[in-house]
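A.B. asks: Same order as they appear, the protein sequences are chains A and B. What the first sequence shows, in full-length UniProt numbering, is residues 1 to 294, in sequence order. What the second sequence shows, in full-length UniProt numbering, is residues 1 to 294, in sequence order. Built from N, CA and C at the ideal position, the CB exists for glycine as well. One structure coming up, written as structure tokens, with questions to follow.
2 protein chains.
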Amino acid sequence: MHDCLTDPIARTRRFHRAVTTESGVLDSSFLGRGRPLGPARVLNAIGHGRQDVADIRAFLRLDSGLMSRLLRGLEDEGLITLHSAPNDARRRLATLTDAGAAEFAAYESLSDAQVSGILNRHARPEALLAAMDIVATALGIDRTEIVETPPTDPRAIACLTAYYDELAQRLATGFDVSLSADPETQDMTPPRGAFLLALSDGMPIGCVGLKATDKGYAEVKRLWTAPAARGMGLAKRLMDQLETRARTLGITRLRLDSNSALLEAIAMYRKAGWTEIDRFNDDPYPDHFFEKAL
Amino acid sequence: MHDCLTDPIARTRRFHRAVTTESGVLDSSFLGRGRPLGPARVLNAIGHGRQDVADIRAFLRLDSGLMSRLLRGLEDEGLITLHSAPNDARRRLATLTDAGAAEFAAYESLSDAQVSGILNRHARPEALLAAMDIVATALGIDRTEIVETPPTDPRAIACLTAYYDELAQRLATGFDVSLSADPETQDMTPPRGAFLLALSDGMPIGCVGLKATDKGYAEVKRLWTAPAARGMGLAKRLMDQLETRARTLGITRLRLDSNSALLEAIAMYRKAGWTEIDRFNDDPYPDHFFEKAL
DNA sequence: GATTTTATCTGACAAAAGTCAGAGAAAATC
DNA sequence: GATTTTCTCTGACTTTTGTCAGATAAAATC
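Here it is, written out as structure tokens:
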């Protein structure tokens, strides 16, 4: 029996070929605007919000001399302006001019056209998008960053909405957020509590909240990871970082509740040193309760 | 509500960034062997079975002058040998020497290491692989080729095995191939019949058989597309090509049977001009029967 | 305040990649 | 059999990319 359909190595190699320069599907998007790859990459880095020249240099792994000339070129074209950083006159910051922003937008739509052309011809674009999310998240797992935001941040709200939708699907009883104890915003905002968001290339792929109480402990709420990010230990990372944050807020005891439908979460809590305790609230949805001393 | 979790454009851009040179995850695999990208790409193309220099040149979009020098460089390194094509002395063919094959293998394992490192750290590698298959197949859909093989080809057998497994899952009754009328090999081999295989970057992603009978018609059997290839019209392409092939074999009437559990297939037959007819065999599994005049 | 470190810039190179016109040989076409 | 087309090779370029050793100025450290 031939293994061409199942062998991971063969499939990985095929994926690699399909996606790399060799096939030319994706990388060619940076050409076609009459500008070499070097300046195009720098322009795109600036367009994606990177201002600090040293930061761009590290990201694109460019020599300082080459970087200097590339920036000069873009400046001469009128696409960017350079100024010294206000707090450190050695560093330089680059920002797009109006012309630069237009040029950047052109690159963006050019790169969209490539893959979204394929997307449009697909009968089930959502399945393809979901697959792309999984691959992009896996490839970018090392670059995934966890940031603290207010729970009112639009990206946080996107995560929470997805979390509620998923609960409604997975819980046999359904889920109505208004029946559950919805944490007050300020209870999940410093100095009382905190809210953490996991970002992969700018896309929110997970969250967790630390909710203050007046009962001698804080509660962990709203732990969620995107379907595309599962199996990569992201929930554990969020929890670890939340514990660290709780310590800096002076919290010494954590509690959380969960539902037995959320198997992976409960297994993770047990493994992470949480001990199961008796019910400590009258929320209708949870049926498992945990505590951990910091 | 922020759309960062659902907006196709945002998700596509993120995928693009994750996979392109900018992140450096994939493309850097071609470096690290002390050889510039140009010769490395040519060596890899040869390693993947491309011999004809003009073919490689078209594939990699290289100038003839540049190509000539790259080949010379690889020849001087002792990695390839060049000879004129036996049937056309203008064309040149490149083949790997033993040293070249070793070098190519080193590139392969280097490129494996990149993605399979990520694969190994994933708790559900099969889900990630399946996602990679979907993306690779969608990106390569224009390069998908349909070839005719004997039904005994190992790649054909891989497809047929997957087809039987899937029938066993989807049919309420299960599926035992020995109870169904398994076509004789020679009935699906020219000049009586035919067997077509769809290949995407070398991976078999679909098949269909044309089975000869002595009853004035031929039967379409074993139409299957890989899960990763669905939604891209591959089954229709296979059927179209099979009809063309049937005509060249002098066949004027086609029949097929199917099961109502295979919704997509039956919808596709109707749309492609097949007319439903009465049961014409006593196979236990099918419950729908179709005919088409060529 | 002197010294060290950091970030950028400059000039001088070298390597790699891409372009173009023309030559030579073989095949295809008329 | 003459002409055209195809494919490769060569030489003479240009552009792009990468490297390195100072120079300069600002910040950080002693």
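Assuming B:PRO204 is part of the alpha helix (DSSP H), what are its boundary residues?
C.D. replies: Not the alpha helix (DSSP H): B:PRO204 falls in the beta strand (DSSP E), residues 203–212.
A.B. asks: Can you name, in chain order, every residue of its own chain whose Cβ lies under 8 Å from the Cβ of B:ASP187, other than the five neighbours on each side?
C.D. replies: Excluding sequence neighbours, B:ASP187 sits near GLY193, LYS211, ALA212 and THR213.
A.B. asks: Could you give the first and the last residue of the continuous alpha helix (DSSP H) run that contains A:LEU128?
C.D. replies: Counting along the chain, A:LEU128 sits inside the alpha helix (DSSP H) bounded by residues 125–139.
A.B. asks: For chain A, is any of its Cβ atoms less than 8 Å away from the one on B:LEU119?
C.D. replies: yes
A.B. asks: Note down, in chain order, all residues in the segment 40–68 of chain B with a beta-carbon under 9 Å from any beta-carbon belonging to chain A.
C.D. replies: ARG41, ASN44, ALA45, HIS48, PHE59, LEU60 and ARG61
A.B. asks: Using a cut-off of 7 Å between C-beta atoms, extract the partners of B:GLY202 located in chain A.
C.D. replies: ARG14
A.B. asks: Could you check whether B:ARG253 and B:ALA293 sit closer than 8 Å to each other, using their CB atoms as the reference points?
C.D. replies: yes
A.B. asks: Mind listing which residues of the segment 102–136 of chain A have their C-beta closer than 8 Å to chain B's C-betas, in chain order?
C.D. replies: Only those residues of the segment 102–136 of chain A whose C-beta falls short of 8 Å from the nearest C-beta of chain B are listed: GLU108, SER111, ASP112, GLN114, VAL115, SER116, ILE118, LEU119, ARG121, HIS122, ALA123, ARG124, PRO125, ALA127, LEU128, LEU129, ALA130, ALA131, MET132, ASP133, ILE134, VAL135 and ALA136.
A.B. asks: In this structure, does DSSP put B:GLU22 in helix, strand or coil?
C.D. replies: Caution is warranted here: a pLDDT of 43 is assigned to B:GLU22, below 50, making its placement in the model unreliable, and the coordinate value is therefore given only provisionally. The answer is helix: DSSP assigns B:GLU22 an H, G or I state.
A.B. asks: In terms of DSSP beta bridges, what is A:ASP257 paired with?
C.D. replies: A:PHE289
A.B. asks: A:ILE118 to A:PRO39, Cα distance in whole Å?
C.D. replies: Computed Cα separation, rounded: 27 Å.
A.B. asks: Closest Cβ-Cβ distance between B:MET268 and chain A: below 8 Å?
C.D. replies: Look at B:MET268: its C-beta is not under 8 Å from any C-beta on chain A.
A.B. asks: Between A:TYR285 and chain B, is the shortest Cβ-Cβ distance under 8 Å, so that the two count as touching?
C.D. replies: no
A.B. asks: Which residue marks the beginning of the alpha helix (DSSP H) containing B:PHE175, and which one marks its end?
C.D. replies: Annotation for B:PHE175: no alpha helix (DSSP H) segment contains it, and DSSP assigns it neither H nor E.
A.B. asks: Just to check my reading of the structure: A:PHE289 and A:ASP282 have Cβ atoms closer than 8 Å, yes? What is that Cβ distance to the nearest angstrom?
C.D. replies: Going by Cβ atoms, the distance from A:PHE289 to A:ASP282 rounds to 12 Å, so no, they are not a contact pair.
A.B. asks: Which chain A residues are close to B:ALA198, counting only those with a beta carbon under 7 Å from its beta carbon?
C.D. replies: Neighbours of B:ALA198 on chain A: none; closest Cβ ~12 Å, over 7 Å.
A.B. asks: Could you tell me whether any Cβ in chain A is nearer than 8 Å to the Cβ of B:ALA235?
C.D. replies: no
A.B. asks: To which residues does DSSP link A:ARG92 through a beta bridge?
C.D. replies: A:SER84
A.B. asks: B:VAL135: buried (16+ other C-beta within 10 angstroms of its C-beta) or exposed?
C.D. replies: buried
A.B. asks: Report the residue from B:ALA123, B:ASN120, B:ASN87 and B:GLU184 whose alpha carbon sits nearest the alpha carbon of B:GLY209.
C.D. replies: B:GLU184
A.B. asks: Find out if the Cβ-Cβ distance for the pair B:LEU223, B:ALA265 is shorter than 8 Å.
C.D. replies: yes
A.B. asks: Can you list the residues of chain B that A:LEU223 reaches, using a CB-CB cut of under 8 Å?
C.D. replies: Chain B residues near A:LEU223: none, gap ~17 Å exceeds 8 Å.
A.B. asks: Can you list, in chain order, the stretches of the alpha helix (DSSP H) that have 4 or more residues and sit fully within the segment 219–286 of chain A?
C.D. replies: 234–248 and 263–271
A.B. asks: Answer yes or no: does any C-beta atom of chain B fall closer than 8 Å to that of A:LEU160?
C.D. replies: For A:LEU160, the answer is no, since every Cβ of chain B falls outside 8 Å of its Cβ.
A.B. asks: Check whether the Cβ atoms of B:GLY100 and B:ILE80 sit closer than 8 Å, and answer yes or no.
C.D. replies: yes
A.B. asks: With 8 Å as the threshold, decide whether the Cβ of A:ALA138 is near any Cβ in chain B.
C.D. replies: Yes, A:ALA138 lies at the interface with chain B (some Cβ there is under 8 Å from its Cβ).
A.B. asks: Between which two residues does the alpha helix (DSSP H) harbouring A:LEU60 extend?
C.D. replies: 53–60
A.B. asks: Cutting at 8 Å between CB atoms, please list the residues of its own chain near A:THR225, excluding the five before and the five after it.
C.D. replies: ALA198, ILE205, GLY206, LEU234, ALA235 and LEU238
A.B. asks: Hey, is B:LEU263 close to the ligand FMN, as in C-beta under 7 Å from one of its heavy atoms?
C.D. replies: Annotation note on the ligand FMN: not contained in the displayed structure, which lists no ligands.
A.B. asks: Roughly how many angstroms separate the alpha carbons of A:ARG90 and A:ARG35, rounded to a whole number?
C.D. replies: 29 Å
A.B. asks: Taking 8 Å as the CB-CB cut-off, is B:ARG90 touching chain A?
C.D. replies: Judged by the 8 Å Cβ criterion, B:ARG90 is not in contact with chain A.
A.B. asks: Given that A:LEU167 touches chain B, what residues does it touch there, using C-beta distances under 9 Å?
C.D. replies: None at all; the shortest Cβ gap to chain B is about 16 Å.
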